[in-house]
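Chains as they are written, first to last, in this note's numbering: chain A, 666 to 925; chain B, 2 to 284; chain C, 57 to 416.
Every residue gets a Cβ at the ideal spot worked out from N, C-alpha and C, and that includes glycine.
From a predicted model like this one, the values you see are computed outputs, not experimental measurements.
First up is the structure itself, then whatever we jot down about it.
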Amino acid sequence: MRAPVKFLSVGYAAAIYTFIFLPVIVLVVFSLQSTAFPIPPFTGPSLRWYAAVLNDTRLTSALINSLIVASISSAIAVALGFLSAWGLARFVLVGSAAMRSLITLPLTVSYLIIGMGLVILFNMAGLPKSLLTAGIGHVVMNLPLCFAIIYSQMGDHQINIERAARDLGAKEWQVLLMVTMPVMWPAIFASLFLSMTFSWDEFVISFLLTRFDTTLPVEIWNLLRSGLNPKTNAVGSLVFVVSVTFAIILELILLRRRPS
Amino acid sequence: MRQREHTSTVRVLPWALVAPALLWTLLFFVLPFLAMGLLSLTPHEGSGITLSNYRQFFTNPSYYWAMINSLELTAMVTVISVLLAYPFAWILAEQVPVHWQRLALLFAVLPFWTSYVVRSYSWLLALSENGIINDALMGSGLFTHALQLANTRVATVIGFVHFFVMLLTLTIFANLKQLSPSYRKAAADLGAGPVNIFIHVILPLTLPGIMVGAFLTFVLTIGDYITPQILGGNNALVMSQLIMMQIGRRGDFPLASALALILMAVVTIAYIACARWLKIERT
Amino acid sequence: MSINACTSLKRRLAAFALTTVALVGVEALSPASATELNALIWCDHADPALLKPFEDANGVKVNVKEFEGTGAGLAIVEQSQPGDWDVMVIDSIDVPRGVEKGLFEPLPEDKLPFGDLFPEVTMDSSTKVDGKRYGITEKFGFNAVGFNNSKADPADMQSLNSLVDSKYKGRIAIYDYYLPIIGMAALAIGKKTAELTEGDLPAIKEVLLKLKANAKLVGEITASQTALATGEVDILVGGGEFVTAGLAKENPALDFSIPKEGAILWSQSLAMFSTSKNKDMALKFIQYVMSPEGQARLATSSCYWGMPANKMAALDDAQKITLHFDQQPDFLKRAQPYPAPNADLDKKMQDMWTEVLQAQ
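Encoded structure:
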């Protein structure tokens, strides 16, 4: 009974992993194409498209813009999420359930609609589109997620630690900074990481809410509009390599920090 | 005693903590929604209040068919993704040695750190007549002609399933890991075989994980613009494409708003149906 | 305790303010050159090979935003503030729409090379309104039949009727822009594009439905190019040099033909915004694009190729051959302009297009 199950498991897992990696393999392989079409047949490895990407100032500045928008909007989302989660978890407030529902409501709305709503609002207010407006949209998108993750981790067992700290004379902000935050750090980290991931790769809101300075996904989309180009493969592969490196570094940091 | 003193003297604090998030949500989420609602009741040219945008949706077949296409597509994607993801999550949680599990999960998530736009585009190339999938299928002798995969609804489904198998694997895996082994032991002690244990104990207990993943799949699929646009070949338009067409090509924001609100209504219905599993509870 | 509440509140507000300032600061820090030109363009103007010489020569930064289709462009303008844009690329035939909305500034005829343009593309009827010139044609080409001459019979490609023939079922892509395709359908039933009325729509719809049923996909430039280049399809309805010329170097089998029923002439113009804050620089830009060097670069831009409107364009012989430069006068005789419907007919056409897209 065991052996066939094991065998099937390995086979199934291998099939799923192949399926998951398929587009990435196509992507990377054809980023090394030496001719101008990223389609079979493969014409020998060449780095010309990577050089083209690094020379393309629109792409490189879009990449930097993406990083800026992702980090700042995620930081804000996590900060707002953490503070409101703590406030709602630790204190009894009138309409608490309603507030929780309101903050998590955007989770059920598709990004297209969030983006559209903001376009209409900013239009009426006369606010021009920019990375700032896109960033605002990203916070709206990520705040519910951060709140939900952090709130769900604020268990009652932490109350005792906090109470102990207060009894020892700690002020409220000291409790927050030196007790709650370190204890909650996995949840904070998880929500920061997820927010950055979503913001970094987000297309629709950025597309609707930026004008000239735009994020990487939008710039890639523009690049795609101009036709078949292995440059897009090169960009995708570069993003992939950077992300993987980032993840490896993260893993090493986590492994080092983990208590024995 | 301490607690009551505490809460009565810091009444401002909790509100101050919650206010920023609330204000942000009200200003940049609720307000736009109200603006959209108002706009949906105005005509494209001219002024006044009218239901014409909504009427257009319900009377024009090419519009309400977009909703039907959206729902069909989403249902297919959700069902297929759940069916493919569950065994995978189970294998990762049960068959893979514990210290390798995080790495296995990481590997499964890794490919999604390429750009979403480029990934969809890679699927278009992979599924094309000269692409590697057709090459493999014909090379293995299974097929003599290339399959028409790219620029069809099939391609769109594949593109979506690719992402959501990963997402559902994560939610189901998390759920499986949380299950206390004592349930299984108890059932075994009572004489249940592994199959029975799975059907009557594990499956029901992992339902929350499935439902959360399924709901996310539903919301993200029905609202997504890129995958259908790149992979679908403009065949069988879905709501998101229809909405973008109104914004992009026509600048008809009133109609786009109406369509968006209708889409929202559908998602809300789905949310209410799944509400039991979606409550955010504290551990 | 209440003092602590105040302190923590102040701290939080400070943090919030700091982040907002940081965000705004990042915006301000983005290089804002002394002079900038904001251009609303089609993708062929984004080519650095075209922009850089102008930027270097004039010490100006050209900011570009790409769009497709006049409707989309006007939508962007509507969502912007006056003064946001300086120049715009627009279908020549749609220049009156911009003038109607009061968007465009009259151009000085004496400062632009109107005498050097191909006469059929100056399109005075559209670019001139009330005796004033609002747009200058910079590039043109044809929406006709693009095809792979090793897969589709060039003889068949001389008639629009082969497009609905079952011989090519599933081998066709349709270019995703409703105006030229509706124009081509009109040609197929013998109607003139300039004279289309609502009454013609049902007959046109029939042609379109037959075409859609025979087609594999409806796609914009990338999707169509990809499909043609990867061999997904062999024929592109609405295709022309703008799809095939750029691909020709890699795949010489890609070409286009003007069928006997005729083809649709697409022509793009440059216009200046009346609310522009940099009118002098905008004019300089337009003059640059219309100069022989600018025209050659625009004609062979990386996004898509096309015929330069200026006969004096500095193209080399190989480029001229790819563009069928010498056959242009003949092509132009057999081409008709885009349909130019009024707002009401336009909406009906767009609705019809949506219906066709949804049809099986």
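The shortest C-alpha to C-alpha distance from Ser902/A to any of Phe144/B, Ala261/B, Phe113/B and Leu208/B is the one to Phe113/B.
In this structure, the CA atom of Val805/A is about 41 Å from the CA atom of Lys268/C. With respect to chain C, the C-beta atom of Leu238/B has a partner C-beta closer than 8 Å. Check the Cα spacing between Ser181/B and each of Trp66/B, Ala94/B and Leu35/B: the tightest is with Ala94/B. Counting other Cβ atoms within 10 Å of its Cβ, Trp25/B reaches 16 or more and is therefore classed as buried.
Beta-carbon to beta-carbon, Ala105/C and Val120/C are separated by about 14 Å, too far to satisfy the 8 Å threshold.
Under the three-pair Cβ rule at 8 Å, the segment 737-754 of chain A counts as touching the segment 796-815 of chain A. CA-CA distance, Ser749/A to Leu758/A, rounds to 12 Å.
In terms of CA proximity to Glu161/C, Gly191/C leads the group Leu173/C, Gly191/C and Asp140/C. Scanning Arg831/A, Gly752/A and Glu827/A for the CA closest to the CA of Arg765/A turns up Gly752/A. Residue state for Ile704/A is assigned as coil, using DSSP reduced to three classes. Annotation: Asp721/A to Trp714/A spans about 10 Å, alpha carbon to alpha carbon. Closest option to Cys811/A, judged by alpha-carbon separation, among Ala742/A, Ala717/A and Ile704/A: Ala742/A. Residues of the same chain with a CB within less than 7 Å of the CB of Ala415/C, apart from the 5 flanking positions on each side, are Leu265 and Lys268 in chain order. Trp278/B is the residue among Tyr226/B, Trp101/B and Trp278/B whose C-alpha sits nearest the C-alpha of Leu206/B. For Ile228/C, DSSP records a beta bridge to Ala271/C and Ile291/C.
CA-to-CA, the gap between Gly192/B and Val202/B works out to about 13 Å. For Lys340/C, there is no enclosing beta strand (DSSP E); the residue is part of the alpha helix (DSSP H) that begins and ends at Lys335 to Met346. Between Leu163/C and Met328/C, the beta carbon gap of about 6 Å places them in contact (Cβ cut-off 8 Å).
Under the DSSP assignment, Gln375/C falls in the alpha helix (DSSP H) whose first and last residues are Asp373 to Thr378. Of all residues in the segment 878-896 of chain A, only Asp878, Asn887, Leu889, Arg890, Ser891, Gly892 and Leu893 place a beta-carbon less than 8 Å from a beta-carbon of chain C.
DSSP places Met213/C within a helical segment (H, G or I) once states are collapsed to three. According to the DSSP secondary-structure assignment, Thr278/C is paired through a beta bridge with no residue.
In terms of Cα proximity to Leu777/A, the closest of Ala261/B, Ala237/B, Leu40/B and Ile69/B is Ala261/B. Chain C has a Cβ within less than 8 Å of the Cβ of Phe702/A. Boundaries of the alpha helix (DSSP H) around Ser738/A: Thr722 to Arg755.
Out of Val844/A, Gly676/A and Val883/A, the CA that lies nearest to the CA of Asn825/A is found in Val844/A.
Distance from Pro393/C to Thr249/C at the Cβ level is roughly 6 Å; contact confirmed, criterion being Cβ atoms closer than 8 Å. When DSSP reads this structure, Val120/C sits in a beta bridge with Ala95/C. Under the Cβ criterion of 8 Å, Val13/B is not counted among the residues facing chain A. Distance check between Leu732/A and each of Met861/A, Phe684/A and Leu874/A places Met861/A closest, using alpha-carbon atoms only. According to the DSSP secondary-structure assignment, Gln324/C is paired through a beta bridge with Asp147/C and Lys195/C. In this structure, the straight-line span from the alpha carbon of Leu257/C to that of Ala241/C is close to 10 Å.
In this structure Met405/C is buried. Its beta-carbon is surrounded by 16 or more other beta-carbon atoms within 10 angstroms. With contacts defined as CB atoms closer than 8 Å, Ala200/C and Phe312/C qualify as a contacting pair. A Cβ of chain C is located within less than 8 Å of the beta carbon of Ile248/B.
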